[in-house]
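K.L.:
In UniProt numbering, the protein residues as written are 1 to 176.
Note that beta-carbon positions come from the ideal geometry of N, C-alpha and C, so glycine has one too.
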Amino acid sequence: MSDRRHQIAEAALRVVAGGGLRALTHRAVDAEAGVPVGSASNCFRTREALVTAVADRLAELDRAEADRLTAAPPQTLEQVAELIASFARWQTSGAAAEATRVRLELATHLDLSRQHQRLLDDFTAVLAGVGVADPPAAARRAADYLDGVVLHAVTIPDRTVDQAEVRAAAYALLSM
């Protein structure tokens, strides 16, 4: 993605985070990005293209964090469970929590299965690397659990991610 497209996708993400999908217009994105009027439209011709750019930017952020967490590939199931707990904490903290809320809103308007499948495939490979008996099934179980933990943490007031609880539950789900 070019620097300008990246800048505009980031601005579009901020617009949706601040005002929801209803606020997402080319003009609002131009203003948020601090670029001349028409710049967002030049990069992303339609509103749907802007929405897709936001989804793609969210996937890039997830990928970057997953890559950071697996820079030293986990060697044990315990390390994988810790990785899941760390990812849950990241998705529910600070700017990533806002991005998670945006992702939830996007899910009502876009098919995010491609982005989800990419992360699931990578997670399946990690599980195969530590010798899990049925990596695809274990990856689905853990991802479904993680999605629920994250959903509750970003939508229920005063609900936070308990790292130890997530780690223990993830370990149990991966050990099945």
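Can you list, in chain order, the residues of its chain whose CB lies under 7 angstroms from that of residue 179, leaving out five sequence neighbours each side?
P.N.:
Here the chain comprises residues numbered 1 to 176, so residue 179 is not present and cannot be evaluated.
K.L.:
Can the beta-carbon of L138 be found closer than 7 angstroms to that of L174?
P.N.:
Position check: residue 138 holds Ala in this sequence, whereas Leu was assumed. Their beta carbons are under 7 angstroms apart, which means A138 touches L174 by this criterion.
K.L.:
With three or more beta-carbon pairs closer than 8 angstroms as the criterion, would you say the segment 115 to 133 touches the segment 30 to 49?
P.N.:
Result no; under three Cβ-Cβ pairs closer than 8 angstroms.
K.L.:
Just reading off the alpha helix (DSSP H) that S93 is part of, what are its end residues?
P.N.:
No alpha helix (DSSP H) holds S93; DSSP gives it neither H nor E.
K.L.:
For the alpha helix (DSSP H) containing H6, name the first residue and the last one.
P.N.:
From DSSP, the alpha helix (DSSP H) with H6 extends over 3 to 19.
K.L.:
What's the C-alpha gap between T92 and Q117?
P.N.:
Their Cα atoms are separated by approximately 21 angstroms.
K.L.:
Specify, as a first and last residue, the run of the alpha helix (DSSP H) that L146 falls within.
P.N.:
Here the alpha helix (DSSP H) through L146 covers 135 to 155.
K.L.:
Taking 7 angstroms as the cut-off, decide whether the C-beta atoms of V102 and A11 are in contact.
P.N.:
Cβ distance not < 7 angstroms, so V102 and A11 don't count as in contact.
K.L.:
At the level of alpha carbons, what is the spacing between Q115 and P36?
P.N.:
Approximately 31 angstroms, taken between the alpha carbons.
K.L.:
Please look up how many angstroms separate the CB atoms of F44 and A53, rounded, as I've assumed it's under 8 angstroms.
P.N.:
Contact flag correct, Cβ pair sits at about 5 angstroms.
K.L.:
Alpha carbon to alpha carbon, how far is A99 from V166? Give it in angstroms, no decimals.
P.N.:
If you take the alpha carbons of V166 and A99, they lie about 21 angstroms apart.
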